[in-house]
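Below is one structure, written out as structure tokens; the observations come after it.
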Amino acid sequence: MSTVRTRFAPSPTGRMHVGNLRTALYAYLIAKHENGTFMLRIEDTDQERFVNGALEIIYRTLEKTGLVHDEGPDKDGGVGPYVQSERQASGLYLKYAKQLVEQGDAYYCFCDKERLDSLKSSVSESGTEIVVYDKHCLNLSKEEVAANLAEGKPWVIRINMPTEGTTTFHDDIYGDITVPNAELDDMILIKSDGYPTYNFANVIDDHLMGITHVVRGNEYLSSAPKYNRLYEAFGWEVPVYVHCPLITDENHKKLSKRCGHSSYEDLIDQGFLTEAVVNYVALLGWSPSDNREIFSLEELVETFDYHHMSKSPAVFDQVKLKWMNGEYIKAMDFDTFYEKAEPYIKEIITKDYDLKKIAKLVQSRIEIFPDIKEHIDFFEALPDYDIEMYTHKKMKTNAETSLEVLKELLPIFEAQEDYSNDALFATLKEYVAKKECKNGYAMWPVRTAVSGKQNTPGGATEIMEIIGKEESVARIRKGIEKLS
RNA sequence: GGCUCCAUGGUCAAGCGGUUAAGACAUCGCCCUUUCACGGCGGUAACCCGGGUUCAAUUCCCGGUGGAGUCACCA
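Under this note's numbering, the very last position in the first sequence is 484; numbers go up by exactly one each time.
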């Protein structure tokens, strides 16, 4: 019987980039490692930024990656609703904000945008920039507030932060973090449209939903101390904070939707496997005590210990992701692989070839599925190659020797009926033995003639088996023609 | 710029006072081989700088430097 409860709390503003996914994953793992509860909460308090379809992306991504939530908008666990706009509709946040106003921990503010803007550009006597609200409306009398309200003036509710001293909060990864209170802004709790701000709704909901571990990206590290004042004012217990190190691009900048960084779905479209993406992302900011790198989600649940998380940001390295994806592809049983590979093969191959044989050849040679195409194009049509290709130092071949070999082999291949790889290979071995030359001396020209490519998946006879007698002979003839 | 965080090879990342400073990706070379790939073997490559503390610092403390994050009626 565990008491760990975590949540993934995205806002439906677009696609899920890998940073979001990693946060969701860690929240899931922390809960599941302790047999706890993982929940999904939708933070849609900004109606302007709401993006149509974003909700579906969130659901789809969590489902496909296997990060299934125990509670959420579609699975009430008793502390719902799990969508903040729905909670707002019941007046929940306003109720708590008003409580703070009554306690004297918060106050109504009627300052308009112009005044706030002018505040930002003004400079204090000491010459330093004023970065926080000047508490102008804190001095309003009860009567003035009432009058403004009655007048229908737009208002917000701000928290009253102390201006002296320091505030310290504890993060399980980063330790104690202390900031001067003068830095703390009288942040807005309730916006003029009646919706709570993220900062406020987050604290209220985390408490009401019994969240024990707040897992989020460390871009929130600097706003965390403000939360403590809120918890303090309410007399609530502060949850365990687990701030995850940032994931950055190759320029060491934070991943963001705005900059067009890869989302989970982009990666899938690029041919990556969900399992590989999840596995890779898990290792960005965390590592097991041994050297293992390949983990299924279940294995991660078992192994994951958030105390082993690192503090420094990690670069998202597509090259390593590709490697890992290749590992997953190689480990796939053939039928599963074929199912995924078939569409890519069919994009290139229209002829009546045995596509499974082609797939077999390609499985150990690709890292992502679209790689298939460049490997197999020659099956469909012989490319117009240069006869320079017949020259290979190690094989001791050149245009002349190749011509001779192909000329001698042509009638043999024409006569042969069995075009299985084994039979063809036996034929070539026999030829090589008679000729008293190295395998490559004969294999290289044949492979070149039937493929027209420098490198191919599979050798000469494997290719011939697939394209069949008629095409093989035609291609060898073509080779002889080119070389003559 | 203020505040905060971070700092081991190109990248991910072990290490938590005494090590020949792991491992993985990438890279290079060799082997295997019917080309390539797979697989196997090996190489190059790192503790940001300066002070302390200590018999002993990559490891602890301070300062610097560098990088990042954050400073909204966005989350």
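All C-beta atoms, glycine included, are put in the ideal place defined by N, C-alpha and C.
This one's a predicted model, so the numbers in the text were calculated from it and none came from an experiment.
Exercise. So, helix, strand or coil for alanine 381, using DSSP?
Worked result: Along the first sequence, one-based indexing puts residue 381 at 381. Looking at alanine 381 - three-state DSSP - the assignment turns out to be coil, as it is neither helix nor strand.
Problem set entry | Candidates Arg229, Lys435, Gly78 and Ala9, of which the one nearest tyrosine 198 by Cα | Here residue 198 refers to the residue found at position 198 of the first sequence. With distances taken between Cα atoms, tyrosine 198 lies closest to Ala9.
Problem set entry | isoleucine 188 versus Ile211, Phe378, Ala106 and Asp352, residue with shortest Cα-Cα distance | Indexing the first sequence from 1 puts residue 188 at position 188. The shortest Cα separation from isoleucine 188 among Ile211, Phe378, Ala106 and Asp352 belongs to Ala106.
For this session: Kindly indicate the opening and closing residues of the alpha helix (DSSP H) around proline 445.
Result: If you number the first sequence from 1, residue 445 lands on position 445. Residues 439-451.
Problem set entry | Boundaries of the beta strand (DSSP E) in which threonine 174 is found, first to last residue | For this step, residue 174 is matched to residue 174 along the first sequence. Just to set this straight, residue 174 is tyrosine in the shown sequence, not threonine. Careful: tyrosine 174 lies outside any beta strand (DSSP E) and carries neither H nor E.
For this session: Just mark glutamate 261 as buried or exposed, buried being the case when its beta carbon has 16 or more other beta carbons within 10 Å.
Result: Taking the first residue of the first sequence as 1, we reach residue 261 at position 261. A quick correction: the sequence has histidine, not glutamate, at residue 261. Buried: at least 16 other Cβ atoms inside 10 Å.
Exercise. Out of Glu400, Ser287, Asn35 and Asn279, which has the shortest C-alpha to C-alpha gap to valine 4?
Worked result: Taking the first sequence and counting its residues from 1, one reaches residue 4 at position 4. Ranking the options by Cα distance to valine 4, first place goes to Asn35.
Exercise. Hey, lysine 191 and valine 156 are a contact pair by Cβ (cut 8 Å); roughly how many whole angstroms apart?
Worked result: For the purposes of this step, residue 191 is taken as residue 191 along the first sequence, with counting starting at 1. For the purposes of this step, residue 156 is taken as residue 156 along the first sequence, with counting starting at 1. That belief holds up - the Cβ atoms of lysine 191 and valine 156 are roughly 6 Å apart, short of 8 Å.
Problem set entry | Cβ pair proline 225, threonine 167 closer than 8 Å | Counting from 1 along the first sequence, the entry for residue 225 is found at position 225. Counting from 1 along the first sequence, the entry for residue 167 is found at position 167. Cβ atoms of proline 225 and threonine 167: closer than 8 Å.
For this session: Give the secondary structure of tyrosine 108 by DSSP, where H, G and I count as helix, E and B as strand, and everything else as coil.
Result: Numbered from its first residue, the first sequence carries residue 108 at position 108. Strand at tyrosine 108.
For this session: Would you mind working out which of Pro288, Ile348, Gly459 and Gly271 sits nearest glutamine 318, comparing C-alpha positions?
Result: For the purposes of this step, residue 318 is identified with residue 318 of the first sequence, where counting begins at 1. Of the candidates Pro288, Ile348, Gly459 and Gly271, the one whose C-alpha sits nearest the C-alpha of glutamine 318 is Gly271.
For this session: Measuring alpha carbon to alpha carbon, tell me which of Thr13, Lys120, Met443 and His307 ends up nearest aspartate 485.
Result: Here the chain comprises residues numbered 1 to 484, so residue 485 is not present and cannot be evaluated.
Problem set entry | Buried versus exposed call for arginine 87 [16 or more other C-beta atoms within 10 Å across all chains shown] | Taking the first sequence and counting its residues from 1, one reaches residue 87 at position 87. By the 10 Å Cβ count, arginine 87 comes out buried.
For this session: Would you kindly check if the distance between the Cβ of isoleucine 466 and the Cβ of tyrosine 353 is under 8 Å?
Result: Counting from 1 along the first sequence, the entry for residue 353 is found at position 353. Counting from 1 along the first sequence, the entry for residue 466 is found at position 466. In this structure, isoleucine 466 lies closer than 8 Å to tyrosine 353 by Cβ.
Exercise. Roughly how many angstroms separate the alpha carbons of isoleucine 159 and arginine 49, rounded to a whole number?
Worked result: Residue numbering aside, residue 159 sits at position 159 when the first sequence is read from its first letter. Residue numbering aside, residue 49 sits at position 49 when the first sequence is read from its first letter. Distance between the alpha carbons of isoleucine 159 and arginine 49 is about 24 Å.
Exercise. Could you give the C-beta distance for isoleucine 476 and phenylalanine 413, rounded to a whole number, given that I count them as a contact under 8 Å?
Worked result: Taking the first sequence and counting its residues from 1, one reaches residue 476 at position 476. Taking the first sequence and counting its residues from 1, one reaches residue 413 at position 413. Going by Cβ atoms, the distance from isoleucine 476 to phenylalanine 413 rounds to 6 Å, so yes, they are a contact pair.
Exercise. Does the Cβ of cysteine 137 have 16 or more other Cβ atoms within 10 Å, making it buried, or fewer, making it exposed?
Worked result: Here residue 137 refers to the residue found at position 137 when the first sequence is read from its first residue. When all chains shown are included, cysteine 137 counts as buried.
Problem set entry | beta strand (DSSP E) segment containing phenylalanine 316, residue limits | Walking along the first sequence from the start, residue 316 turns up at place 316. Neither: phenylalanine 316 is in no beta strand (DSSP E) and is coded neither H nor E.
For this session: State yes or no: is the C-beta of tyrosine 84 within less than 8 Å of the C-beta of glutamate 43?
Result: Here residue 84 is taken as the residue at index 84 of the first sequence, counted from 1. Here residue 43 is taken as the residue at index 43 of the first sequence, counted from 1. In the sequence on display, residue 84 carries glutamine and not tyrosine. Their beta carbons are under 8 Å apart, which means glutamine 84 touches glutamate 43 by this criterion.
For this session: Rank Ala54, Glu436, Leu406 and Leu355 by C-alpha distance to the C-alpha of glutamate 265 and give the top, closest one.
Result: By 1-based counting over the first sequence, the position of residue 265 is 265. Among Ala54, Glu436, Leu406 and Leu355, the Cα nearest to that of glutamate 265 is on Ala54.
For this session: Report the rounded CA-to-CA distance for glutamate 71 versus alanine 27, giving the unit in angstroms.
Result: What you label residue 71 is simply residue 71 of the first sequence in a count that begins at 1. What you label residue 27 is simply residue 27 of the first sequence in a count that begins at 1. Each residue's Cα considered, the two are about 13 Å apart.
Exercise. Applying the criterion that 16 or more other CB atoms from any shown protein chain within 10 Å of the CB defines a buried residue, is isoleucine 294 buried or exposed?
Worked result: Walking along the first sequence from the start, residue 294 turns up at place 294. Exposed, since its Cβ has fewer than 16 Cβ neighbours within 10 Å.
For this session: Identify the continuous beta strand (DSSP E) that holds threonine 6 and give its terminal residues.
Result: Mapped onto the first sequence, residue 6 falls at position 6. Note, threonine 6: beta strand (DSSP E), 5-8.
Exercise. What is the C-beta distance between serine 79 and methionine 209, in whole angstroms, given that I count them as a contact (C-beta under 8 Å)?
Worked result: Taking the first sequence and counting its residues from 1, the one referred to as residue 79 is at position 79. Taking the first sequence and counting its residues from 1, the one referred to as residue 209 is at position 209. Here the sequence assigns valine to residue 79, which means serine is not the residue at that position. Indeed, because the Cβ distance is near 5 Å, the residues count as touching under 8 Å.
For this session: Scan the segment 10-73 and note each continuous beta strand (DSSP E) run of 3 residues or more that stays entirely inside, going in chain order.
Result: 37-40
Exercise. Which class does leucine 221 belong to by DSSP, given the choice of helix, strand or coil?
Worked result: If you number the first sequence from 1, residue 221 lands on position 221. Here leucine 221 sits in helix by DSSP.
Problem set entry | Backbone CA spacing between glutamine 99 and tyrosine 93 [nearest angstrom] | Along the first sequence, one-based indexing puts residue 99 at 99. Along the first sequence, one-based indexing puts residue 93 at 93. Taking the straight line from one Cα to the other gives about 10 Å.
For this session: Would you mind working out which of Leu409, Thr6, Asp371 and Ile329 sits nearest threonine 551, comparing C-alpha positions?
Result: In the structure displayed, the chain extends from 1 to 484; residue 551 sits before or after that span and is not available.
Exercise. Taking DSSP as the reference, what is the three-state secondary structure of methionine 309?
Worked result: The residue given as residue 309 occupies position 309 in the first sequence. Three-state DSSP puts methionine 309 in a strand.
Problem set entry | Where lysine 396 falls, given that 16 or more other Cβ within 10 Å makes a residue buried | By one-based count along the first sequence, residue 396 stands at place 396. Exposed: under 16 other Cβ atoms inside 10 Å.
For this session: List the whole-angstrom C-beta distance separating valine 301 from lysine 32, where the pair is believed to meet the contact cut-off of C-beta under 8 Å.
Result: Reading the first sequence from its first residue, position 301 is the one you call residue 301. Reading the first sequence from its first residue, position 32 is the one you call residue 32. The pair is a contact, with the Cβ atoms about 5 Å apart (cut-off 8 Å).
Problem set entry | Segments of 3+ residues assigned as beta strand (DSSP E) that fall wholly inside the segment 188-237 | 188-190 and 213-217
For this session: Under 8 Å by Cβ, that's how I've got valine 315 and leucine 25 pegged, so tell me the actual separation to the nearest angstrom.
Result: In the first sequence, residue 315 corresponds to position 315, counting from 1. In the first sequence, residue 25 corresponds to position 25, counting from 1. Their Cβ separation, rounded to whole angstroms, is 18 Å, which puts valine 315 and leucine 25 out of contact at 8 Å.
Exercise. Out of Ser484, Met443 and Asp206, which has the shortest C-alpha to C-alpha gap to methionine 464?
Worked result: In the first sequence, counting from the first residue as 1, residue 464 sits at position 464. The shortest Cα separation from methionine 464 among Ser484, Met443 and Asp206 belongs to Met443.
For this session: Sort Pro73, Gly14 and Glu151 by Cα distance to isoleucine 57 and report the nearest one.
Result: Sequence index remark: in the first sequence, residue 57 carries index 57 (1-based). Among Pro73, Gly14 and Glu151, the Cα nearest to that of isoleucine 57 belongs to Gly14.
For this session: With a floor of 4 residues, list each alpha helix (DSSP H) that falls wholly inside the segment 379-425, ordered by position along the chain.
Result: 399-415
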